[in-house]
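**Student:** Pasting a structure below so you can have a look.
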Amino acid sequence: MSNNIKESLLTQCFQKVEERHRNLQKVFGELHESLSTEIKSSAGDKHETTRAMLQLEREKLGQQLMDVDNLSVTLSKIDVKRTTAQVAFGSVVFTTNSNYFIAVSLGQLTADKQDFFAISSTTPIGQILLGKRVGDQINFRDQLFKITKII
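Now the structure itself:
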């Protein structure tokens, strides 16, 4: 059952990353089409400015695509069968306050009728949780809570 939760969370993360990738690809294609159309239109200062802005947007989208690809690479390093006594990358952490999946920051997920937050280990709460064990108390944003389970 525990591994099923981790598998479900990891699958949902991959789905969210894939959806982001598809959306960025779509915008990238539309931008490429706009750039092609702009190149074919009239010349002049306005044309050059528009073309430069489209090119900058294209570069920004290219970086976002690379970032999304990096999320997939990071997620692929998670072993759903691995459990540890301490919170580490890939851990599912249950607390008296919220539940967390230490992976990449993708927001709220649901598995086994429970809510989880997919967070990166570099986020403030992720950094606090790393290395902690069941029973440890955490103080985050003036809220005290306890780790009840790690898978």
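Numbering (the numbering used here), first residue to last: 14 to 164.
Beta carbons: idealized from backbone N, C-alpha and C, even for Gly.
Values in this document were obtained by computation on a predicted structure and should not be read as measured data.
#1: My parser needs the beta strand (DSSP E) runs of 3 or more residues fully inside the stretch 70 to 154; what are they?
#2: Within this structure, are the beta carbons of residue 138 and residue 153 separated by less than 7 Å?
#3: 7 Å is my cut-off, CB to CB: does residue 25 come that close to chain B?
#4: According to DSSP, what are the bridge partners of residue 156?
#5: Quick one: measure Cβ to Cβ for residue 136 and residue 118, integer angstroms, because I've assumed they're closer than 8 Å.
#6: Sort 85, 46, 47 by Cα distance to residue 33 and report the nearest one.
#7: Going by beta carbon distance, what residues of the same chain come within less than 7 Å of residue 37, once the five residues before and after it are set aside?
#8: Let's test the definition: count the other Cβ atoms within 10 Å of the Cβ of residue 108 and tell me whether it reaches 16, buried, or not, exposed.
#9: Under 7 Å Cβ to Cβ from residue 127, same chain only, skipping five residues before and after it: list those, please.
**Tutor:** A quick look at the data gives this:
#1: 105 to 108, 112 to 116, 120 to 124, 127 to 133, 150 to 153
#2: Yes, the Cβ-Cβ distance between residue 138 and residue 153 is below 7 Å.
#3: Within the model displayed, chain B is absent; a lone protein chain is all it includes.
#4: 153
#5: In this structure, residue 136 and residue 118 form a Cβ contact; the two beta carbons are roughly 6 Å apart against a cut-off of 8 Å.
#6: 85
#7: 74, 77, 78, 81
#8: Buried is the label assigned to residue 108, since at least 16 other Cβ atoms lie within 10 Å of its Cβ.
#9: 112
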